[in-house]
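A quick write-up on the structure given underneath.
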Amino acid sequence: MKITEKDKYKILEDEKGDLTGFATYISQNHKKFKNDNVIINLLQKEPVQLENLLSFLEISNLHRSNKKSFVIVSREIDIDSIPEELIVVPTLVEAEDIINMEELERELGF
Numbered sequence: 001m002k003i004t005e006k007d008k009y010k011i012l013e014d015e016k017g018d019l020t021g022f023a024t025y026i027s028q029n030h031k032k033f034k035n036d037n038v039i040i041n042l043l044q045k046e047p048v049q050l051e052n053l054l055s056f057l058e059i060s061n062l063h064r065s066n067k068k069s070f071v072i073v074s075r076e077i078d079i080d081s082i083p084e085e086l087i088v089v090p091t092l093v094e095a096e097d098i099i100n101m102e103e104l105e106r107e108l109g110f
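Here the sequence shown is numbered in UniProt numbering, starting from 1 and rising by one per residue.
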């Protein structure tokens, strides 16, 4: 796994090509990321199937329940088919925007 640290978040990328295994690894090692906003960069893994994204649902819900952002970046998926619990955007810039908006909402008490 490749980790890129930014001021407000960490970008996690799979280097092995197994997205379900990657989601499992993140779930098992959640302690390492639980205090960080997380972006899962899947741009190099296109095309991504809905089943692959759903493997991140449980860890996304857990992470967001701890008041931290969890955003997946993938442009090759039909946004309308994704459950509302998952935040999926097509670019890293949009992922950063989501994190900034959610941070602001948390500061305002929403």
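No residue lacks a Cβ here, since even glycine has one placed at the ideal position from N, Cα and C.
- Spanning the alpha carbons of Val93 and Leu50 requires a straight line of approximately 22 angstroms.
- Straight through space, the alpha carbons of Ile79 and Asn35 are spaced by roughly 27 angstroms.
- Within its own chain, the residues whose Cβ lies closer than 8 angstroms to the Cβ of Glu15, once the five positions on either side in sequence are excluded, are Met1, Lys2, listed in chain order.
- If you compare the alpha carbons of Lys6, Arg75, Tyr9, Val71 with that of Gln44, the shortest gap goes to Arg75.
- The Cβ-Cβ distance between Lys6 and Phe33 does not fall below 8 angstroms.
- According to the DSSP assignment, Asn37 belongs to the beta strand (DSSP E) that extends over 37-41.
- In this structure, Ile72 sits away from Ile98, with a CB-CB distance that is not shorter than 8 angstroms.
- If the five residues before and after Glu58 are omitted, its C-beta is found closer than 7 angstroms to the C-beta atoms of Ser27, all from its own chain and listed in chain order.
- Going by C-alpha positions, Gly17 is about 25 angstroms away from Arg64.
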